[in-house]
Amino acid sequence: MRDKLSVSERRTKILEYLALKRKSTRIELSLKFNVSICTIARDIIYLSSVAPIYTKQGNQGGVYILPEYRSYKNYLTDAEEECLYNLMKKASNEECRILCGIITKFTKKANEND
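Have a look at this one:
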């Protein structure tokens with residue numbers, strides 16, 4: 001197995017990581033992907049032109065991705081969605097509300113108009 005990612009693979013992984021974590025720092029990303037901070041800075045410049053990524057300076061600074069962003073890999077499969085609907089049949093009202101929220105957040109059909 002290769003240890004080093006190509007530029008394209010690394011940028012895809014950075015985007016997936018930010019989609020999951022929502023915020024990071026250049027230092028954290030450089031350590032995670034084993035590249036320099038300058039390389040991460042170039043990756044962020046590129047990614048911000050193709051995805052809703054932005055940076056903030058200062059105390060709450062870092063690399064962010066807009067909360068509405070959903071990577072195509074973050075959607076439920078049809079089988080996963082069906083399983084959740086089946087669980088809803090046995091769930092309490094509160095559990096149904098939570099399951100419905102999960103389905104709404106992670107079902108591609110529900111998010112296609114975003």
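For the sequence shown, UniProt numbering assigns the number 114 to the last residue and increments by one with no breaks.
Beta carbons are placed, not taken as given, at the ideal position from N, Cα and C, and that holds for glycine.
The structure presented is a predicted model; accordingly, all values stated were derived computationally and were not measured.
Give a yes or no on whether the C-beta atoms belonging to residue 99 and residue 88 are separated by under 8 Å. Cβ atoms of residue 99 and residue 88: closer than 8 Å.
Anyone know if the C-beta pair for residue 30 and residue 36 falls short of 8 Å? Contact: yes.
If you run the structure through DSSP and keep just helix, strand and coil, what is residue 46? Reduced to three states, the DSSP call for residue 46 is helix.
My output table needs one value for residue 101: the three-state DSSP class, helix, strand or coil. Here residue 101 sits in helix by DSSP.
Identified DSSP bridge partners for residue 24: In the DSSP output, where bridge partners are listed per residue, residue 24 has 63.
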